[in-house]
Amino acid sequence: MALDNVREVSLSRIAMKAELLDAETELKLTYAWRDERDEAALHRLITAYMRLAISMASKFKRYGAPMNDLIQEAGLGLMKAADKFDPDRGVRFSTYAVWWIKASIQDYVMRNWSMVRTGSTSSQKSLFFNMRRVQARLERESASAGETLDGHQLRQMISTEIGVPLRDVEMMEGRLGGSDYSLNATQSSEDEGREWIDALEDDGVQAAEQVENEHDTAQLREWLLMAMNALNDRERFIIRERKLRDDARTLESLGQELSLSKERVRQLEAAAFAKMRKSLETQSREVHHFLV
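Count along the sequence shown from 1, add 10, and you get the number used in this note's numbering.
Structure (structure tokens):
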């Protein structure tokens, strides 16, 4: 027996042996977790309802996901339900948890169905989990009535039945009918082994762009040094500490170090910026046009 199967059986056995909570006990546990963050109460609540989570996870095995992963996602949904449950609403925790467990499993299945995401909106999710079932039923009913539905009619009926736009049905049909292909597969027999990955655009920095970036960085550095040289030592210190550090210092901390008020440091900073701008405008026509 594979290791995954052993774990699955072990989890199922543990869940089946868990206690069955009556309404009163369940309510006490949910209050204890919500009001006191009692982890023992949470553990007892989660353990008691893992049976429900595993049962729901098993219904999604047909989508090809590993059962252990489905159980894990169901458990995460169960914990989210416990964290958000409000016992004052008068609803049983199990009833509330069903929705969170189902949502967690469905999100996992859709994330892993294909390398290209199948969809994430509510209508796409509804289509993903219901389209094949509704389609099969409609085809059976039409066959029983001696009718034949073409593809367009069938898609329209599915759209009406599930309550989603026709374009979503057409899009989902294409996605579910397609397959994932390797980027290392050859494009055709005539391309002498050319692979699809060779046709992808390189999203890295191109040589020309890199040279341009380096030039711009060097120019900005030169401008900054030019501007800083126009300042006195105190002004240069303030600008460096306020604007050129990863963790910029506050006006208050600089004021304490320089024995100045916070407002005075702010004034010196503003004056330093004005002096830097004037220096750059007079020394470089290019930076003058940049600043205007």
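The beta-carbon is built from N, C-alpha and C at its ideal position, and this holds for glycine as well.
Residues near residue i by beta carbon distance below 8 Å, same chain, minus five either side
{"i": "ILE249", "result": "MET238, LEU241, GLU279, ALA282, PHE283 and MET286"}
{"i": "ILE56", "result": "GLY85, LEU88, MET89 and ALA92"}
Three-state class that DSSP yields for residue i in the structure shown
{"i": "LEU88", "result": "helix"}
{"i": "LEU37", "result": "helix"}
{"i": "PHE283", "result": "helix"}
{"i": "LYS69", "result": "coil"}
{"i": "PHE103", "result": "helix"}
{"i": "ASP48", "result": "coil"}
{"i": "SER169", "result": "helix"}
{"i": "PHE95", "result": "coil"}
{"i": "GLY156", "result": "coil"}
{"i": "LYS272", "result": "helix"}
{"i": "ARG250", "result": "helix"}
{"i": "LEU193", "result": "Summary for LEU193: the model assigns pLDDT 48, below 50, so the residue's position carries little reliability, and this model does not support an answer."}
{"i": "ASN140", "result": "helix"}
{"i": "THR227", "result": "helix"}
{"i": "LYS112", "result": "helix"}
{"i": "ASN78", "result": "helix"}
Residues of its chain near residue i, where Cβ-Cβ distance is below 7 Å and the 5 sequence neighbours each way are ignored
{"i": "PHE70", "result": "LEU80, ILE115 and VAL119"}
{"i": "ASN140", "result": "ILE172"}
{"i": "ARG246", "result": "MET238"}
6 Å Cβ shell around residue i - same chain, five flanking residues per side excluded
{"i": "LYS90", "result": "TRP110"}
{"i": "SER152", "result": "LEU159"}
{"i": "GLY188", "result": "Since pLDDT at GLY188 reaches only 49, below the 50 mark, its modelled position is unreliable, and the value read off the structure follows with that caveat. Same-chain partners within the cutoff: there are none."}
{"i": "MET167", "result": "LEU148"}
{"i": "ASP48", "result": "ALA42"}
{"i": "GLY161", "result": "none"}
Contact under 8 Å by Cβ, residue i with residue j
{"i": "VAL88", "j": "ALA107", "result": "Note that residue 88 is Leu in the sequence shown, not Val. Yes."}
{"i": "ALA42", "j": "ALA51", "result": "yes"}
{"i": "PRO97", "j": "THR40", "result": "yes"}
{"i": "VAL174", "j": "ARG165", "result": "no"}
{"i": "ARG259", "j": "ARG252", "result": "yes"}
{"i": "GLU29", "j": "ALA58", "result": "yes"}
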